[in-house]
Every structure is written in C-alpha cells, then in structure tokens.
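> Counting from 98, one number per residue, gives the positions in the sequence shown under the numbering used here.
All C-beta atoms in this analysis are idealised placements derived from N, C-alpha and C, irrespective of residue type, glycine included.
Handing you this structure, nothing more for now.
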Amino acid sequence: IHLLGGERVDVYMRVIALSIYQADGDEVANIIVSAVSYKDPAIRSDRLTSTLMDVVHGIQLDTSHTQSDVEQGGTAIFSITITNTGNVYDTFQFYDPNSLEGQQEWLLPYGWGVKFPLSISLEPGASVTKNLEVNIPTTQEPGTWVIFVKGWSMGEPVKSVEKGTYDILELWINVSIRSTGNIVFEIFDTSEEVLPGECAEYVIKVTKFFAPGYLIFTLPGGPDERNTSIPIEIWRQDHWTVTLDFLNAPDYDENTRYEPGIARYWDQTERPYEVTAEVCAPYLADAGLGPAVKVKAYLQGSPKVSDEVILSTMVKHVYDLDANTESLENDMNPGETWAVPINIRNDGNGPDRYDMRVTEIADSQGLAQPWDVEIFRSDMSELVRDSNQTVMVHVNAPAEVAAGDYQITLSIFSEEAFDGTRLRDIIPLTVTINEFHDIQLSLDPFVESAVKTTAPGRTVRFILNLTNNGNVPDIPTLHNHTKKGDGVWDPTPGLNALAGWASSDGTAQAVEFAILDGFETEYPIELSCLTIASGETPPVYECYYDEFTGTWNFPPMPAYTTIQIVAIINVGSDAALGDQSMGIKALSEFGDSFDGGDHDETPEWADSCSIDSDEDGLPDNDIGCDTNEQIIHLRLRAPDLIFVGDPSIGDTSKEVGEMIPVTVQIQNIGNVHATDVNIILCVGEVDDIKAEGCSEENIVYRRVIGALMPTSPDASSEAPAITLLYPVTAGSDHVVVVIDPEQTIVESSDDNNYLDIQEDLQSENPVMDVALVVISKWSVPTIIMGATAALIGVAGLMMISRRKEALDRVAEQSSILQSADEDARF
Numbered sequence: 098i099h100l101l102g103g104e105r106v107d108v109y110m111r112v113i114a115l116s117i118y119q120a121d122g123d124e125v126a127n128i129i130v131s132a133v134s135y136k137d138p139a140i141r142s143d144r145l146t147s148t149l150m151d152v153v154h155g156i157q158l159d160t161s162h163t164q165s166d167v168e169q170g171g172t173a174i175f176s177i178t179i180t181n182t183g184n185v186y187d188t189f190q191f192y193d194p195n196s197l198e199g200q201q202e203w204l205l206p207y208g209w210g211v212k213f214p215l216s217i218s219l220e221p222g223a224s225v226t227k228n229l230e231v232n233i234p235t236t237q238e239p240g241t242w243v244i245f246v247k248g249w250s251m252g253e254p255v256k257s258v259e260k261g262t263y264d265i266l267e268l269w270i271n272v273s274i275r276s277t278g279n280i281v282f283e284i285f286d287t288s289e290e291v292l293p294g295e296c297a298e299y300v301i302k303v304t305k306f307f308a309p310g311y312l313i314f315t316l317p318g319g320p321d322e323r324n325t326s327i328p329i330e331i332w333r334q335d336h337w338t339v340t341l342d343f344l345n346a347p348d349y350d351e352n353t354r355y356e357p358g359i360a361r362y363w364d365q366t367e368r369p370y371e372v373t374a375e376v377c378a379p380y381l382a383d384a385g386l387g388p389a390v391k392v393k394a395y396l397q398g399s400p401k402v403s404d405e406v407i408l409s410t411m412v413k414h415v416y417d418l419d420a421n422t423e424s425l426e427n428d429m430n431p432g433e434t435w436a437v438p439i440n441i442r443n444d445g446n447g448p449d450r451y452d453m454r455v456t457e458i459a460d461s462q463g464l465a466q467p468w469d470v471e472i473f474r475s476d477m478s479e480l481v482r483d484s485n486q487t488v489m490v491h492v493n494a495p496a497e498v499a500a501g502d503y504q505i506t507l508s509i510f511s512e513e514a515f516d517g518t519r520l521r522d523i524i525p526l527t528v529t530i531n532e533f534h535d536i537q538l539s540l541d542p543f544v545e546s547a548v549k550t551t552a553p554g555r556t557v558r559f560i561l562n563l564t565n566n567g568n569v570p571d572i573p574t575l576h577n578h579t580k581k582g583d584g585v586w587d588p589t590p591g592l593n594a595l596a597g598w599a600s601s602d603g604t605a606q607a608v609e610f611a612i613l614d615g616f617e618t619e620y621p622i623e624l625s626c627l628t629i630a631s632g633e634t635p636p637v638y639e640c641y642y643d644e645f646t647g648t649w650n651f652p653p654m655p656a657y658t659t660i661q662i663v664a665i666i667n668v669g670s671d672a673a674l675g676d677q678s679m680g681i682k683a684l685s686e687f688g689d690s691f692d693g694g695d696h697d698e699t700p701e702w703a704d705s706c707s708i709d710s711d712e713d714g715l716p717d718n719d720i721g722c723d724t725n726e727q728i729i730h731l732r733l734r735a736p737d738l739i740f741v742g743d744p745s746i747g748d749t750s751k752e753v754g755e756m757i758p759v760t761v762q763i764q765n766i767g768n769v770h771a772t773d774v775n776i777i778l779c780v781g782e783v784d785d786i787k788a789e790g791c792s793e794e795n796i797v798y799r800r801v802i803g804a805l806m807p808t809s810p811d812a813s814s815e816a817p818a819i820t821l822l823y824p825v826t827a828g829s830d831h832v833v834v835v836i837d838p839e840q841t842i843v844e845s846s847d848d849n850n851y852l853d854i855q856e857d858l859q860s861e862n863p864v865m866d867v868a869l870v871v872i873s874k875w876s877v878p879t880i881i882m883g884a885t886a887a888l889i890g891v892a893g894l895m896m897i898s899r900r901k902e903a904l905d906r907v908a909e910q911s912s913i914l915q916s917a918d919e920d921a922r923f
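In structure tokens, the structure reads:
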C-alpha cells in the first residue's frame, strides 16, 4: 500500500471460519496482522485479532400424530420428523431397540419390535421424516401403552434437553383385540341357483384364532321375520326365509339349534366348525338375483371382532308360455285369408322376449306345402310375468290349391339360451280347403285391346284368356250379351239391338268363338269350333256350338289352367255407325254362386269386373267383382259419301274433242273422314254399273279428292262442288257419276254412290259425226291393204324373173362340165 506522509487508509480483513462439515467444536482463531515498510523493514506495526467460532448442536423431534390404534399382531406407524437445529453438519443417534439398554430407553413391552434408523446425518436447518414402525405381537394384551423416541447429537457429549442437544418424543399406542383373522369364515361358493320355492344350503366353516371365545351370529339386513300367526307355507309364497343350523357347532343344544343370537363358546382355536345357512326362495319368486343375505359372527363383548359373508342366491328363470286361440279349425276357399288371433300368456317367473314360428305346413298325406302364413311380429313385445298379449296370424291359402285338409303348426319359443329347450307351446291349425269353382274370362291388356275400331261388314277378333281358377276340373260355356233398350245389360244371352248382325237363317253368327292353339309359339293356329245339330254326338276335346241350346261349349279344363280363345265378331253390313259394346260371359258347369257353383258369378252385370259405366277408363268394381264377364267395345267408324242435289251441266252437246263440264256436290255424312276419294264419269246404265261395276274402257273421266271430312247431314249447303269434264265424242252417251268405283273405301252404305245424269251427252251432229268416224276409221286400213297387195305382186314378179335367170345359168354350166369329162377320158 503506498502512503504519503501523514496519510491514513482503512484496511479490512475477512476471516472465514471452517465449513459446517469441518467444524467440530468451539474454536478461537488468534490472527496477528503486521504492517512492514517496504523500504525499511524495521519500520513495522503488529495487531492481534481474535475470532471466536461458536458451534451449536441441536436436535428436534416431531410427529404428525402421537397416538395410534392398532390390533393385536398389527403394526403402529408414526411419521417422525428429525430437524437439525444446530449450525453445523451433525449426526444424530437413537437407541438400538434390539439391545437391552435400548428396550429400556424405548420402554418397549415384551415382544414388541421397532423398526427405525439408529443414526441420521443432517445439514443445519435440514429436516427428514422417517417412519417408525412398531410391531405388536398377537399375544399382547389389549390396553394403552407408551413408548419414547430419544435422539441426541453426536457432536455434543453432554445430553441436555435444555440445550437442545437431546430430545424425547412420547408416543401412545392403543392395542385392541385383533378383529382381522380372529374369526374366519370359509365357504366354497357364496352364490347358488335355485328354482322358485327351492332352498340353497351354504356350509360355512367358522374358525376362531388366537384365543377361545364366545361367538354370537346375526343376520343383519336379512329377510323379514315371519309373523308366527301366518303358516310357513303361506308366508313362503312371497317371502324369502333364512335359517342357520348349528348342528355341528360347539356347545350344541337341540333347543337352540336354529337360534343364531345365542352365544356359543368356540373352545378350540384354529379348528373350523360348520354352520349351515339355508336360504329359501319364495314360491312366486321372480327370476334374478334375490336379496343379499349377510351372515355375521362377532366376539361377545367386542362387536368389532367379527367376520361376515354375503350369500347371493339366484332364482333361475323358469320359462313357461301358454298359447291358445278361439278356433283351431276353419274352412277356406283358395286365395282366402284366415285371421287367427293367438293369445300368448307368460306363466314363467320373468320377462320373456318370445318368438312365434311356422314349423310345419303339410297336407293330409304329410307332404310339405308352400303356404304363406304371415305372423305380425309388430304385435310382439317382451312379456313380463303374468301378462299376455294377442298376436295376429294371417293364414293365406294359395290361389292355386287342391281341396282337402291341411295342417299348420305354429310353435311358440322363449328366449332361453339353450336351443333344445326353447319350445314352450304349439298351436295346431287345421284348414279345410273347399271345392272351389271359379271360371274367369279376362283380356290381357299387354296382348289385346278391349276397344277396337272397325266398320260395318267387317270381322273383328279379340284374344281372351279363359281360365279355370277353381281347384277341380270344370267345363266352361260361353255366351254373348248386349244391352237392352234402357241401356242396362241384359242378363239373358242375345243380341237385342244388334240382332241384324246375324243372318236370319242362323247360318252366320254375329259372335263366334275359336281356340287359339300354340299361343306362345311363333305361329299360333286358330281352331274353329264345330257346329253340332240336335241329336249329334258332341266332341269331347274340341269346342263346339250347340244349335239346339245356342251355347258355345269348350272342352274340360283341369284346375288352374288357362287357354286362349278368340271371340270373332261379325259386324253387320248395315250396322249403325257409332260405339257398340258386347259382353262375353263364361259359365261353369256347376252353376253360379246362388247354386253353390262359381263363387263370384251372378246373372246380373252390375258387378262385372270389366264394366265402366262412367267411361273414366277405370272399372267400376274392384274387390269381389264378377270375373266371368268381359265387355268388349267396337267403334264403328266409316265415311258415307252421297251426292247432294242434281248435277249441273251447262250444255249437253258440243263439238267432237271438246269438254262438257259436269258439276256435282259430294258430302260425307259418315263419322270419319274419307281419303283418296275416286270420282268417275262412267258411260253406261246405272243398274248395270251397280251390278257389274264400271269397266276401264267405259271410264271417260276420273278425279281423285285427297280427303273429305265428315259433316252433318244438315250441312248440305257446305258440300264441296266437284267438276268433271266429259270429252265429247261422235254420237251420244248415257253417263253416270260414280263415287269410289273400286269400293276401296268402306262405307256404311254404297247404294248412294251413284248419280244418273238424265240427259245424254253428245256431239252437235251425232249421225254425221259417227259416219265420219266410221269412214276415217276404215279408209286408212283399205289404202294400206291395197298398197301391201301391190308390193306383194311386184315382189312376186321379181322373184320369178330372178329364178328364170338362175336356171339358165345352171344349164349352161352343166354343158361345159360334160365336155370336160369326155376329154379327160380320152
């Protein structure tokens, strides 16, 4: 340190004591501080300092609780907190409880054991918590005891509580009789299953440990005690009962065999004695777990020393269903439905989600049948005990089924887990199918139309289905019906207003029938029905018409078969235009519904399945209608072309080659338009033309009208005027105007298609014109014939001259050849 003269500075010295780990006891550090001149060592000054290090040793013992309750043979646990209250690292010592000195210091009774650290080292102010475990022997008498925990510092030889180097903790232990394991119940199974009214026996082995004693048995929370005024059998209808049997218990007395409240002395330890608990279910017990029965035994005078067992008795689910119905038998027709109400009652002891199934449908010979039996499972719900419900079952007889008896078995199953025991009840239903007669006549809209358009004089065919929907063979007959004058269908077969469609001698029928063979093939064949006169033997497998009865008879039809027939309608040539309806009825040989025959056949037509009185396109009747009848409709549509008034002719004679206009008015009074209408001028007499037609050479003029719309007969003034041109030829002609000469247009009447022109159409000089025509006709051929003859004569002369020249030339050549031959021979 550099100091000037007279200068003074303060110097500080820090003295650091030993660490808490090095310090052992109180110490004084004498430190001399010397100041020596650097230039002159003789100049110096010393100062003695003394520093005292005070070492404090201290211990403090603490616990969360100073008292503990423990049973014999148990362990008392205390949490001991040790704190170093000194200022140095210190080690604290505790007495060894295993030494004689330590047992005296701990004040431990005989047989007690202590588990605690013997020494603990701590830094100043640090604390540590250790568990003190005090083991109590099982033979220790009950009572309250005190023990001492003593700890001291190893750094201070003098143990002084006042100085804090020694501390004592006082702990109290209340020892009680051991309850756990003192009385022990042993049982093989605490649960049993019984049926309602049955009893379950539980054998309980009761063992007393540690010391003999008096045991008292109780049933806390058990079933209600029986009123002695009520007989036991009546009481057990709805109540549980529990009985303890002490037959094999010590200190047995017959008078107190079934009384649990009597104290019984268990004189031997560790020996089990059997006590039987009998738990009886009520006769009307519900399925499920019964009340928990607690059997408890405690030491007389010490209720806490006890053991108990809870017995659980399960009542088995008894499944019992009873099914019944009002009637087990019924008569039915094919296609009908029998609604069967089945009443199901649950007589079991618990809820049941039951099921109903059809287990058998068989005929009288035991053969399975494919019937439709509908069980309305929506009506089925879980049945609680002693409840019932009604389930509807619809037995639907097949539409095609033979007559006879049929057995339908309905089985009632419960929800029991075992498949082989689920069946609870059966309902045997017997259905008797009656002989059923049902002839049906129908028209398939995908094949045929019930409405057809035609014209008078035409023949129309309708393909119909004739079905024997009965379950026995049947022979059908067909009849045609029409409406009466009041518009109501006549129940008697006949034509009524359409009688004119048939011939008066009966040779031509307005309605005929035929069988269509091979309908499903590419080329079906129409087999016409035969006509059988009175007295002739009718065929068996062919259809025929009986002239005597006026009935169309068809061959026998097996049950549930269909044939295709053809209804042939011959429309009369003089039939009035408009809409006409005709009804075809098929009858069974067993009669109608009033005779016990065809089930839906009635003579009247009001219930027909095909009648449509309001003409809305929908049948008037639906369910239960008469299927024997089929109504067909004919729309008679045809034009009717007539001449209106007389023809208009300006001049009936003109020069040859000119045209005479003939103007006529034509009106269509039919109900449909006519197309491509041909109108001709025909030379000839009207009667001949009507009878034989107009030959092509007699047609002098033709005109075609594209279309002629129908009009009212009163609208004759609106009839169009048609002008025809007659080419004038030499002479005179009688001319007739003809509409549709080839009769290609079907009209309601062709008689009014002829208009006779009263005046002949001629040239101006008929006689001279004809002569000139004849002369002009023959002059040219005569000239041609003369010229032809002259040419032939010239040709003949030329041929003769040429032939003569040829002959002369041949003769000359022959003479030359002869001379040459003679010279050659020479």
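1. In the DSSP assignment, find the beta strand (DSSP E) that holds VAL835 and state where it starts and stops.
2. From VAL797 to LEU778, what distance separates their C-alpha atoms?
3. Look at ARG800 and THR551 and say whether their C-beta atoms are less than 9 Å apart.
4. For CYS377, which residues does DSSP report across the bridge?
5. DSSP state of THR188, grouped into three classes?
6. Is the beta carbon of ASP151 closer than 9 Å to that of ASP121?
7. If you drop the 5 nearest sequence neighbours on each side, which residues of the same chain put their C-beta closer than 8 Å to that of ALA459?
8. Our contact map puts LYS751 next to SER860 with C-beta atoms below 8 Å; I'd like the distance itself, whole angstroms only.
9. Please determine if the region 265-282 and the region 325-334 are in contact, where contact requires at least 3 C-beta pairs separated by less than 8 Å.
10. Can you round the beta-carbon distance between VAL498 and VAL470 to whole angstroms, since I take them to be within the 8 Å contact cut?
11. Determine the closest residue to PHE616 out of ASP709, LYS305, ALA903 and GLU545, with distance taken between C-alpha atoms.
12. Residues in the same chain with beta-carbon distance under 8 Å from GLY445, minus the five sequence neighbours each way, listed in chain order, please.
13. In whole angstroms, what is the alpha-carbon distance linking GLN200 and VAL246?
14. Confirm, please, whether the CB-CB distance from ALA308 to THR353 is below 9 Å.
15. GLN840: beta carbon under 8 Å from a heavy atom of the ligand HEM?
16. If you run the structure through DSSP and keep just helix, strand and coil, what is GLU929?
17. Give the secondary structure of MET251 by DSSP, where H, G and I count as helix, E and B as strand, and everything else as coil.
18. Out of curiosity, what's the CA-to-CA distance linking LEU575 and GLN606?
19. Would you be able to state if there are at least three C-beta pairs under 8 Å between the region 660-670 and the region 556-567?
20. May I have the straight-line CA-CA distance separating VAL42 from CYS706, to the nearest angstrom?
21. Does GLY584 pass the burial test, meaning 16 or more other C-beta atoms within 10 Å, or should it be called exposed?
22. State the CB to CB distance for the pair ILE388 and TYR370, rounded to an integer number of angstroms; the pair is presumed to be in contact (CB under 8 Å).
23. Alpha carbon to alpha carbon, how far is VAL741 from ASN765? Give it in angstroms, no decimals.
24. Rank ILE98, ILE113, LEU386 and GLY432 by C-alpha distance to the C-alpha of LYS136 and give the top, closest one.
25. Across which residues does DSSP place SER131 in a beta bridge pair?
26. Using the beta-carbon count (16 or more within 10 Å), is PHE687 buried or exposed?
27. So TYR299 and LEU204 are supposed to be a Cβ contact under 8 Å. How far apart are they, rounded?
28. Quick one: Cα of SER478 to Cα of PRO525, how far?
29. Which parts of the region 675-746 are runs of the beta strand (DSSP E), unbroken and 3 residues or longer, counting only runs that do not cross its ends?
30. Based on Cα-Cα distance, which residue from GLU405, ILE622, TYR362 and ARG105 lies nearest to ILE301?
31. Tell me whether the beta-carbon of THR304 lies closer than 9 Å to the beta-carbon of VAL281.
32. Rounded to whole angstroms, what is the Cα-Cα separation between PHE543 and ASP713?
33. How many Å lie between ILE128 and SER142 at the Cα?
34. To the nearest angstrom, report how far apart VAL891 and LYS901 are at their CA atoms.
35. Report yes if the CB atom of LYS682 is closer than 9 Å to the CB atom of HIS534, and no otherwise.
36. Given ASP920, which residues of its chain have a CB within under 7 Å of its CB, disregarding the five upstream and five downstream residues?
So, from the listed chains and residues:
1. 832-836
2. 6 Å
3. no
4. For CYS377, which the question treats as bridged, DSSP gives the partners CYS296 and THR338.
5. strand
6. no
7. ALA465, GLN466, TYR503 and GLN504
8. Correct: roughly 7 Å between the Cβ atoms.
9. The region 265-282 vs the region 325-334: no contact.
10. Actually they are not in contact, since the Cβ atoms of VAL498 and VAL470 sit about 13 Å apart, beyond 8 Å.
11. GLU545
12. ALA384, HIS414, VAL415, TYR416, ASP417, LEU418, ARG482 and SER511
13. Looking at the two C-alpha atoms, the distance is approximately 11 Å.
14. no
15. The model on display carries no ligand, and the ligand HEM is accordingly not part of it.
16. In the structure as shown, the chain begins at 98 and stops at 923. Residue 929 is therefore absent and cannot be evaluated.
17. coil
18. 14 Å
19. yes
20. There is no way to answer for residue 42, as the model of the chain reaches only from 98 to 923.
21. exposed
22. Sequence inspection shows Pro at residue 388; the Ile mentioned does not correspond to that position. Contact flag wrong, Cβ pair sits at about 26 Å.
23. 10 Å
24. ILE98
25. ASP143
26. buried
27. That pair is no contact at about 49 Å.
28. Taking the straight line from one Cα to the other gives about 23 Å.
29. Correct list: 675-684, 726-733 and 738-746.
30. GLU405
31. yes
32. ASP713 has its alpha-carbon roughly 20 Å from the corresponding atom of PHE543.
33. 14 Å
34. 16 Å
35. Not closer than 9 Å, so no.
36. Bear in mind that a pLDDT of 49 at ASP920, under 50, signals an unreliable position, so the number given afterwards is only what the model happens to contain. For ASP920, where only same-chain residues beyond five positions count, there are no Cβ hits under 7 Å.
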